[in-house]
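Residue numbers (this note's numbering): 20 to 399.
Data first, discussion second: the structure below is written as structure tokens.
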């Protein structure tokens, strides 16, 4: 039987516990497991880096939500990215990345993977021809997308770029953190691997750090699982349990995030102290039609450029009260930040440097009129 998204979020991998009937998966807070005999671990469990029932429940749920056969949970989104790169790539290989990728992703490529011998080329992922031109035949192993991108909310055509990547002998990897599996399922459009920082919308409550990979191919998924164990950057059972708890309300939360973001984007779009609003849900956004094709709705992230320049952008962030000045995103509370000086400071001076007048909002699920009032006073 094919169940709907919200049913899977509540039930996939989460059958009532066999011994007691507990409806919530237990937190198996253990490092090791008694074995029935030498070489005969009970139900395959021997050591919690290699396998833990709470983490397995999360992994099964993530796979179901993204529509892939194998899901894997990690200690953070960057741990997931690192495991993926070292599974798929070797020194001398090449990756195409977004020209406005998340600062931590850029840092991983520029300061860590490049020293290991992995080359990368930034490309505008909203431009199919630009991505095609960036591929190095015989060397490019991955075309890496964010859609929407962080923080400029560019939209990549997943299906078109899957074809481009596969024609070039590369895998298509999609960081789906900004959209969440509720709004977008990249595997359905041809992606080979989906990446998440589950810290964000998947967990949804700013109380746990985690990451995930979901593979479209079981063989690749098992290779990733091997490296997950070999490299060891797994999340703990309590973190897995918190993430599972967040997943249960992902659908209803995302609808409220989207409701609020649509109202706020429309408000900012007509404000004299805002030079530009960047939100895929606005018809003026260059990626609006592609986003409408591949997303259920347009998400809870908004970026805008302050009419008064960089200092005005910083002042807006400092004056906000209900919008909390903080990094990260995707929690129930609204956040505001200055990407150039916060999340994307590592990209300063690089091709991925973001405009100084940019402000990024993670729109929460509060009463939207309160959020609008806070923005009004913050804009000055």
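Cβ atoms here follow ideal geometry from the backbone N, Cα and C, with glycine treated the same way.
Quick test of your reading: residue i and residue j, contact by CB under 8 Å. State the CB separation rounded to the nearest angstrom.
i: residue 341; j: residue 358; result: At roughly 20 Å, the Cβ-Cβ gap does not stay under 8 Å, so residue 341 and residue 358 are not in contact.
i: residue 141; j: residue 118; result: 4 Å
Report the rounded CA-to-CA distance for residue i versus residue j, giving the unit in angstroms.
i: residue 285; j: residue 320; result: 13 Å
i: residue 212; j: residue 116; result: 14 Å
i: residue 325; j: residue 185; result: 40 Å
i: residue 136; j: residue 251; result: 22 Å
i: residue 373; j: residue 171; result: 8 Å
i: residue 278; j: residue 350; result: 15 Å
i: residue 367; j: residue 49; result: 43 Å
i: residue 181; j: residue 90; result: 20 Å
i: residue 177; j: residue 311; result: 12 Å
i: residue 85; j: residue 122; result: 25 Å
i: residue 234; j: residue 363; result: 28 Å
i: residue 247; j: residue 65; result: 16 Å
i: residue 391; j: residue 280; result: 10 Å
i: residue 260; j: residue 214; result: 19 Å
I need the boundaries of the alpha helix (DSSP H) containing residue i, first residue and last residue.
i: residue 151; result: 147-153
i: residue 183; result: 177-186
i: residue 394; result: 387-398
Taking C-alpha atoms, which residue in the options lies nearest to residue i?
i: residue 222; options: 267, 102, 97 and 244; result: 267
i: residue 202; options: 108, 315, 181 and 124; result: 315
i: residue 110; options: 29, 334 and 133; result: 133
i: residue 210; options: 229, 179, 220 and 219; result: 179
i: residue 168; options: 36, 299 and 295; result: 299
i: residue 158; options: 108, 129, 126 and 352; result: 108
i: residue 227; options: 93, 62, 79 and 54; result: 93
i: residue 231; options: 60, 45 and 219; result: 219
i: residue 393; options: 363, 360, 362 and 354; result: 354
i: residue 271; options: 22, 26 and 21; result: 26
i: residue 154; options: 183, 205 and 338; result: 183
i: residue 206; options: 343, 306, 81 and 265; result: 81
i: residue 149; options: 175, 37, 194 and 289; result: 175
Name the two residues that bound the continuous beta strand (DSSP E) containing residue i.
i: residue 165; result: 159-165
i: residue 91; result: 89-93
i: residue 107; result: Looking at the DSSP string, residue 107 is not in any beta strand (DSSP E); the run it does join, the alpha helix (DSSP H), is 96-107.
i: residue 194; result: 190-194
Ranges of the alpha helix (DSSP H) found wholly within the segment 222-255, counting only runs of at least 4: 237-250
Continuous beta strand (DSSP E) assignments of at least 3 residues falling wholly in the segment 339-379: 354-356
Start-end ranges of the alpha helix (DSSP H) lying completely within the segment 258-292, minimum 4 residues: 269-288
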